[in-house]
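First comes the structure, then the notes that go with it.
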Amino acid sequence: MRSNELVERVTGLRKILSDDPTDQTIPNKAEIPQVLDEIEEQIADLIARRSVEERLERVVTEKIQDRHEDYVKEIKMHVLQESSGPENAQTLKKLAVLEKMNTVSLKSSASDVLRPQTVEEIVGQESALQALLAKLATPYPQHMLIYGPPGVGKTSAARVALEVVKSHPHSPFVKEAPFIEVDGTTLRWDPRDVTNPLLGSVHDPIYQGAKHDLADTGIPEPKMGLASDAHGGILFIDEIGEMDPLLLNKLLKVLEDKRVTFDSSYYDPGDTRVPLWIKKLFDEGAPADFVLIGATTRDPAELNPALRSRCSEVFFVPLEPRNVQHIVRQSAQKLGVTLEDNVPEIISDYVIEGRKANSILTDAYGLARYRNPDQAVAQVTCADVYEVLRSGRLTPTIVRKVQAGFEVGRILGLGVSGFLGSVLEIEAITFPGREGKGAVRFNETAGSMARDAVFNATAVIRELTGEDLRNYDVHVNIVGGAKIDGPSAGLATTLAIYSALKKKPLRQDIAVTGEISIQGKVKPVGGIYEKIFGAKQVEVRKVLIPSENRADVPESLQGIEVVAVSTIEEAMSHVF
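Numbering follows this note's numbering, with no gaps: position 339 of the sequence shown is 405.
Structure below.
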């Protein structure tokens, strides 16, 4: 640039303004005017660009100065939101209300205090509890269905059994094995698997609202259900007979596979953004290796055959009065109260289930505390119990107990309603009628099978006595209008008609059950255990059952004599 040569000075100036500083081209004198014109245009562009940039910078500086405070406020708010999270004054207020509510407690309920915690506290179900433990304390525990009336300890027995077998050397249950309890009547689900608290569901990212980070990337979110929560433990479903049939079928599939599978049209196995835990659930399913224990008050025949085929069955029995009395005394110790004499006996006259007995005792305890607030140790009196019974409109479960003696044309039969046996009073009377014009009258409400039993009885009596009942008017009555669904009243009906015809008195402390054939043979019937229990409740001394039902009699039976008969003649030798 300081050269005395014009060409060199022009060349240096062009290098300064050129985009390519390595350009070594030297113009000749003839090209200098053209080169100077190009240099002039470049200098003009640079000056214009710099002028624009200075003007823009000046405008930006003015704007920044004008909105400086707004920018600072926005930055502060952003920093505060990042540090404080989603909380605000309203959310913090609601949190404070919840924390305050947690400080208030009415202590535990009476049902929690009185619930059995050990094997010894479960009364009257020794054989059923032993069967329950035997099916769990093995390397191959079985799914189970527990049948029985309400309030006899089915749920408590299952919970206690799990705690017991955890320490058994051959049990697969570890110390942390869960016990998940759910009520089958309250299980709700959607056929599209939008919601399924039992087996689990998948929340798609659009309609059901997966987590924010998953929804933004269009990834479905699987949610495991109670079946997976029970993995390695017991899933207890109370009232399993009330479950939705379709949901029950899905549960049976889980029992077979020991896994819960998930599916979603939004799931793309090739998407690298899918978290590994979600990919594992969709590809392999959620573990669900548990033992199912279902409890029901229904008859076994009413349950799903597919469910019954996969489960062993355990039957809980109604509680006897002595069992109820034991429960009342045991609960009184837990509540820390004393009982007046005869309080357990009074309660046992009105209930046959432990839960209701505890409810009556708890109400009587509350009444005693209310009447005597200053008493150090509350005492429940008979008057307290009777007042609770009156307020609850309860009636004795046994209205009348049998009395020893003899009576013509009257005998005690046995029936079953659910898991409870009952004593049926069957009476008959005969009158001489016009020859061949007699009639047999039977109360219509008893049912068609009971009517058939009467016709079988007429054939048997004619075989025994030679008397044609068409020459008599025969009236047979089931006292109370009880409906008889099966043929088990056949033997009792035959004996009652025979007694009325021959005027031979029958023993009144004996109950009989069994189907009668026209050849005079006593055929087997169902519900033997329940019928014997019902007979014991009213203090029947002897029960006649079909000989083919001999194996149905419990070995530990006490307090009643059970005799198996195979013919009408054998039965007559006991009742006359």
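Built from N, CA and C at the ideal position, the CB exists for glycine as well.
This one's a predicted model, so the numbers in the text were calculated from it and none came from an experiment.
Per-residue DSSP class, three states only, for residue i
i    : result
T496 : strand
K568 : helix
K289 : strand
M643 : In the structure displayed, the chain extends from 67 to 642; residue 643 sits before or after that span and is not available.
S483 : strand
T633 : strand
F599 : helix
E627 : strand
E187 : helix
V170 : coil
E581 : strand
W343 : helix
E140 : helix
F521 : helix
N262 : coil
T643 : Only positions 67 to 642 of the chain appear in the structure, and residue 643 is not among them; the question remains open.
S554 : coil
T531 : helix
A296 : coil
I563 : helix
G471 : coil
S622 : coil
I82  : helix
L228 : helix
L253 : coil
S639 : helix
S222 : helix
K503 : coil
Cross-strand partners of residue i (DSSP beta bridge)
i    : result
N543 : E493
A352 : V326
S488 : G481
R476 : E493
I576 : K608
S267 : K289
Y538 : P498
I464 : Partner(s): none; I464 has no beta bridge.
F508 : V542
E247 : F302
L211 : G360, E379
Whole-angstrom C-beta distance between residue j and residue i, which should lie under 8 Å
i    : j    : result
L557 : G580 : 4 Å
Y538 : P571 : Incorrect: roughly 19 Å between the Cβ atoms, too far for contact.
R364 : H209 : In fact, because the Cβ distance is near 17 Å, the residues do not count as touching under 8 Å.
I413 : L427 : 7 Å
L253 : M309 : 6 Å
I495 : V380 : The Cβ separation is near 45 Å, so there is no contact.
E305 : T362 : 6 Å
S644 : P353 : No statement about residue 644 is possible, as the shown extent of the chain runs from 67 to 642 and does not include it.
G600 : N389 : So it is not a contact: roughly 15 Å between Cβ atoms.
G475 : E493 : 6 Å
S632 : S613 : 4 Å
P207 : V357 : 5 Å
V248 : I464 : That belief does not hold up - the Cβ atoms of V248 and I464 are roughly 36 Å apart, past 8 Å.
V124 : V101 : The identity of residue 124 in the sequence shown is Arg, whereas the question assumes Val. Not really, about 35 Å apart at Cβ, beyond 8 Å.
V185 : A203 : 12 Å between Cβ atoms; not a contact.
L385 : V446 : Actually they are not in contact, since the Cβ atoms of L385 and V446 sit about 20 Å apart, beyond 8 Å.
L264 : L228 : Not really, about 19 Å apart at Cβ, beyond 8 Å.
I626 : V641 : 16 Å between Cβ atoms; not a contact.
For residue i, the first and last residue of its enclosing alpha helix (DSSP H)
i    : result
I216 : Going by the sequence as given, residue 216 is Pro instead of Ile. Element bounds for P216: n/a, residue is neither H nor E.
I113 : 98 to 132
D201 : For the sequence presented, residue 201 should be read as Lys rather than Asp. First-last of the alpha helix (DSSP H) with K201: 192 to 202.
D304 : From DSSP, D304 is part of no alpha helix (DSSP H) but of the beta strand (DSSP E) over 300 to 304.
V451 : 448 to 457
A176 : 176 to 180
Limits of the beta strand (DSSP E) - the one that residue i falls within
i    : result
P590 : Unbroken run through P590: none, as it is neither H nor E.
V240 : Segment: none, V240 is in no beta strand (DSSP E) and carries neither H nor E.
Please specify which runs of the alpha helix (DSSP H), each continuous and at least 4 residues long, are wholly inside the stretch 356 to 444, giving them in chain order. Taking only runs of at least 4 residues, the alpha helix (DSSP H) segments lying wholly in the stretch 356 to 444 are 371 to 376, 387 to 401, 409 to 416, 420 to 437.
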